[in-house]
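Trainee: In the working numbering, the protein residues as written are -11 to 246.
Yeah, the Cβ is synthetic: ideal placement off N, Cα and C, and Gly gets one too.
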Ligand code: PGA
């Protein structure tokens, strides 16, 4: 496989900037202890906005190979948008990934596939990599309609994005019923939808783009289940919530190959 695995820790609304510094330093130390080979996988932390400057300072001053991201971005460049943060502000802070369309933003902030796609475009235009989230709720899963539900989200979010930009992007499949519930999808569940997403990218663009785009699974990923999920051919990484808040646990996830 030519795609570099990506293990991304979405901290959500947890940890102040001092705790953020401690976690990044702890993570770097754990990875150092196991002689982690950073050429094997991309390790990314995704703190709240208020922590990003502190994370940047640690990463730069200690020359860490850990990358960092943001959990959201405004579609606007600047101006009278109270509470929003622009892509250029984030790129100025050395942010390299932006999560767009997390199910919590779709649910609590009514984000549509079109808005999610726009945010992905804004991230790409500013030289950052969007992590475009998708995933079905329990009702859809019970009705067996997860693949068509997710592919519709993908169609909407990728509209207007070029093949070259999609190839650079990351898509995260996160079944909502598995997020923060301890209810992890089986590796086969993850593969079913991640494989269907890759086929859809091939259909919308071409085979080369489909082979390049990285597709993650997210939802109750832990060090004890990451390896079997990562073994699936169309799963290129994990978007990790709760288990990314502990340095030793997230370092084990990043080091899933042992
Ligand atoms: P979880 O969250 O790992 O705590 O289930 C995953 C996510 O929402 O990205």
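How far does the beta strand (DSSP E) with residue 33 in it reach, from first residue to last?
Mentor: Element bounds for residue 33: 30 to 34.
Trainee: Taking just the CA atoms, how far does residue 119 sit from residue 88?
Mentor: Each residue's alpha carbon lies about 6 Å from the other.
Trainee: Residue 43 and residue 12 look like a contact to me (Cβ under 8 Å); what is the Cβ gap, rounded to whole Å?
Mentor: With 8 Å as the limit, residue 43 and residue 12 qualify as a contact, their Cβ atoms being about 6 Å apart.
Trainee: Comparing C-alpha positions only, which one of 235, 100 and 177 sits nearest to residue 162?
Mentor: Comparing Cα-Cα distances from residue 162 to each of 235, 100 and 177, the minimum goes to 177.
Trainee: Under 8 Å by Cβ, that's how I've got residue 85 and residue 53 pegged, so tell me the actual separation to the nearest angstrom.
Mentor: Wrong, their Cβ atoms sit about 14 Å apart, outside the cutoff.
Trainee: Roughly how many angstroms lie between the CA atoms of residue 91 and residue 165, to the nearest whole one?
Mentor: For residue 91 and residue 165, the distance between alpha carbons rounds to 10 Å.
Trainee: Count the C-beta pairs between the stretch 197 to 211 and the stretch 66 to 81 that are closer than 8 Å, then say yes if the count reaches three, no if not.
Mentor: No: the two stretches stay apart, fewer than three of their Cβ pairs being nearer than 8 Å.
Trainee: Should the stretch 238 to 245 be regarded as contacting the stretch 211 to 228, the criterion being three or more beta carbon pairs within less than 8 Å?
Mentor: Result yes; three or more Cβ-Cβ pairs closer than 8 Å.
Trainee: Quick check: the Cα distance between residue 123 and residue 196, rounded to an integer number of angstroms?
Mentor: Going by the C-alpha atoms only, they are around 24 Å apart.
Trainee: Of the residues 149, -7, 185 and 172, which one's Cα is nearest the Cα of residue 110?
Mentor: That would be 149, whose Cα lies nearest to the Cα of residue 110.
Trainee: Given 8 Å as the limit, is there contact between the stretch 21 to 35 and the stretch 144 to 158, that is, 3 or more CB pairs closer than that?
Mentor: These segments do not touch.
Trainee: Taking 7 Å as the cut-off, does the CB of residue 231 come closer than this to any heavy atom belonging to the ligand PGA?
Mentor: Yes.
Trainee: Is residue 67 helix, strand or coil by DSSP?
Mentor: Here residue 67 sits in coil by DSSP.
Trainee: Confirm, please, whether the CB-CB distance from residue 214 to residue 201 is below 8 Å.
Mentor: Taking 8 Å as the Cβ cut-off, residue 201 and residue 214 do not qualify as a contacting pair.
Trainee: Is residue 223 near the ligand PGA, with its Cβ less than 7 Å from a heavy atom?
Mentor: Not so, every heavy atom of the ligand PGA lies at least 7 Å from the Cβ.
Trainee: If you follow the alpha helix (DSSP H) that residue 175 is in, where does it begin and where does it stop?
Mentor: Looking at the DSSP string, the run of the alpha helix (DSSP H) that includes residue 175 is 175 to 192.
Trainee: Less than 7 Å between the CB of residue 162 and some heavy atom of the ligand PGA, yes or no?
Mentor: Because some heavy atom of the ligand PGA lies under 7 Å away, the Cβ of residue 162 counts as near it: yes.
Trainee: Let me confirm a value: residue 243 is counted as buried when at least 16 other C-beta atoms fall within 10 Å, else exposed. Which label applies?
Mentor: It is buried - the Cβ of residue 243 has at least 16 other Cβ atoms within 10 Å.
Trainee: Measuring from the CB of residue 74, is there a heavy atom of the ligand PGA at a distance below 7 Å?
Mentor: Every heavy atom of the ligand PGA is 7 Å or more from the Cβ of residue 74, so no.
Trainee: Can the beta-carbon of residue 36 be found closer than 8 Å to that of residue 1?
Mentor: A contact, by the Cβ cut-off of 8 Å.
Trainee: Excluding the five sequence neighbours on either side, which residues of its own chain have a C-beta within less than 8 Å of the C-beta of residue 4, listed in chain order?
Mentor: Same-chain partners within the cutoff: 38 and 39.
Trainee: Can the beta-carbon of residue 128 be found less than 8 Å from the beta-carbon of residue 184?
Mentor: Contact: no.
Trainee: Please determine whether the Cβ atom of residue 227 lies at a distance below 7 Å from any heavy atom of the ligand PGA.
Mentor: Flag set: Cβ of residue 227 near the ligand PGA.
Trainee: Could you tell me which whole beta strand (DSSP E) segments of length 3 or greater appear in the stretch -1 to 44?
Mentor: Listed in chain order, they are 30 to 34.
Trainee: Are the Cβ atoms of residue 154 and residue -6 separated by less than 8 Å?
Mentor: For residue 154 and residue -6, no; Cβs fall outside 8 Å.
Trainee: Sorted by chain position, which residues of the same chain lie with C-beta nearer than 7 Å to residue 181's C-beta, five sequence neighbours on each side aside?
Mentor: Excluding sequence neighbours, residue 181 sits near 134, 135, 138 and 161.
Trainee: Alpha carbon to alpha carbon, how far is residue 79 from residue 45?
Mentor: Going by the C-alpha atoms only, they are around 14 Å apart.
Trainee: Measuring only from the beta carbon, is residue 208 closer than 7 Å to any heavy atom that is part of the ligand PGA?
Mentor: Yes, since a heavy atom of the ligand PGA falls inside the 7 Å radius drawn around the Cβ of residue 208.
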